[in-house]
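Its first residue numbered 2, the sequence shown is counted upward by one per residue in our numbering. For each residue, glycine too, the CB sits at the ideal point set by N, CA and C. Read the structure below first, then the notes.
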Amino acid sequence: MTAGGPEREAASSQERFAEVAAAYRRSPFHQDPVALEAFLAVAELAPPHRVLDVATGAGHVAVAAAPRVATVVGVDITEQMLEQARDLAAEREVRNVEFVPGDAERLPFPDQSFDRVLVRAAPHHFRNLARACAESFRVLRPGGVFAVCDTSPPPIVRDWLEYVEVRRDPSHVRARVLEEWRALLTAIGFAVEHAERVEQEWDVLAWFGLMRVPEPVVRELLDYYDTAPQAVRGAILPQWREDRFYHRYWHATVRARRPLPGGR
Ligand SMILES: C[S@@+](CC[C@H](N)C(=O)[O-])C[C@H]1O[C@@H](n2cnc3c(N)ncnc32)[C@H](O)[C@@H]1O
2 MTAGGPEREA
12 ASSQERFAEV
22 AAAYRRSPFH
32 QDPVALEAFL
42 AVAELAPPHR
52 VLDVATGAGH
62 VAVAAAPRVA
72 TVVGVDITEQ
82 MLEQARDLAA
92 EREVRNVEFV
102 PGDAERLPFP
112 DQSFDRVLVR
122 AAPHHFRNLA
132 RACAESFRVL
142 RPGGVFAVCD
152 TSPPPIVRDW
162 LEYVEVRRDP
172 SHVRARVLEE
182 WRALLTAIGF
192 AVEHAERVEQ
202 EWDVLAWFGL
212 MRVPEPVVRE
222 LLDYYDTAPQ
232 AVRGAILPQW
242 REDRFYHRYW
252 HATVRARRPL
262 PGGR
C-alpha cells in the first residue's frame, strides 16, 4: 500500500474542496469555539494587527480573529470555499475581513504587509510546503508571528496514517511531524517559540463523512484499521462505541516569529 508515499501526485485541492465547501462551513471541528480560541491564543493577536489567514477555507479562523484585530484577509485557492467564508462573515456581521483568491505558494501580497499570518488545517495540502512557509515569512513584517495548526501524528504513526489520509482525501499531500515543522521553519529563518503536539479523540466516521468518502472505501479503511501493527494500535487506540468509531488524532500548534533585524 503506497497511497501515502511522497512520490504520489496529489489530487487537486480545488476539485476536492469545491465539492464539500458547504459541509466545511458547518463542520463541528472547524467551527469549534474552544479550538479556535486555543489557536488564536497561540497567535498572540492585538488590536492594531493586520492579519492574513492562509487557506482560510470557510473562513472560521478569519472570522474569529477579526473582532480582536484591525483587519483580516483570508486567502484560498478554492472559489467555492471563499463564497462560504464571505457568507459566514456576513451572517456574523463581521465587516473588517475580506476574502481573496490566491495560492499559499505564491501569495498575492507585498513583502512585510502583515503582522500575523495564520494557517490552520491546510499545510498538509500544500504541494511545496517549504515554499508556502517562505511566502508566509516574506509577507510578515519583522517581529511578526506565523501561527500554524495542522494534522501532525507522532513519528511512529505518521506513515501508517498517511494511507488513511490519502484514501479519505486524495488532495492530502503529507502530514509533518513536530520535529519536521521545527526544522522547516528554522531553515526558513523563523525563530520557533512554541511547538506542541495536541492529542484529541477523533470521530473517524464523521471525519470520513466530511469528505464524502464512498462506502466501499470506508469499508476498506475499517479493514485497514483492523490490520494495523501493534505499535500503531497502541498509539491510536482504535475503539467502537455504539455505532461510532474513534481513535486518537493529533495536531501540531506552532508559533514562529520572523526575527527583527539583528536577530531579536
Ligand atoms: C480544511 S480546509 C481549511 C480550513 C480552514 N483553514 C479552517 O481552519 O477552518 C483546507 C483549505 O485549504 C485550501 N488550499 C489547499 N491548497 C491551497 C493552496 N495551495 N493555497 C491556498 N489554499 C489552499 C483548500 O481550498 C481548502 O479551503
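### Task
Could you spell out where the alpha helix (DSSP H) holding D224 opens and where it closes?
Segment E216 to D227, the alpha helix (DSSP H) holding D224.
### Task
Kindly indicate the opening and closing residues of the beta strand (DSSP E) around Q113.
Run containing Q113: none; DSSP gives neither H nor E here.
#### Entry: Sheet register partners of G235 (DSSP bridge)
DSSP lists no partner for G235.
### As assigned by DSSP and simplified to three states, the class of A196
Note: A196 maps to strand in three-state DSSP.
### Query
Can you give the Cα-Cα distance for L46 and R69, rounded to whole angstroms?
Going by the C-alpha atoms only, they are around 7 Å apart.
### Query
Expressed to the nearest angstrom, what Euclidean distance is found between the alpha-carbon atoms of L261 and F209?
The alpha-carbon atoms of L261 and F209 are separated by roughly 43 Å.
#### Entry: 3-residue-minimum beta strand (DSSP E) runs that sit fully inside the stretch 235–260, ordered along the chain
Runs of beta strand (DSSP E) with 3 or more residues, each lying fully within the stretch 235–260, are found at 240–242 and 245–258, listed in chain order.
### Query
Are the beta-carbon atoms belonging to S1 and R177 less than 8 Å from one another?
Here the chain covers residues 2 to 265 and nothing more, so residue 1 does not appear.
### Message
So E200 and W251 are supposed to be a Cβ contact under 8 Å. How far apart are they, rounded?
### Response
That belief holds up - the Cβ atoms of E200 and W251 are roughly 5 Å apart, short of 8 Å.
### Message
Below 8 Å, how does it come out for the stretch 86–106 and the stretch 46–58: are there three or more Cβ pairs, yes or no?
### Response
Between the stretch 86–106 and the stretch 46–58 there are three or more inter-stretch CB-CB distances shorter than 8 Å, so the stretches are counted as touching.
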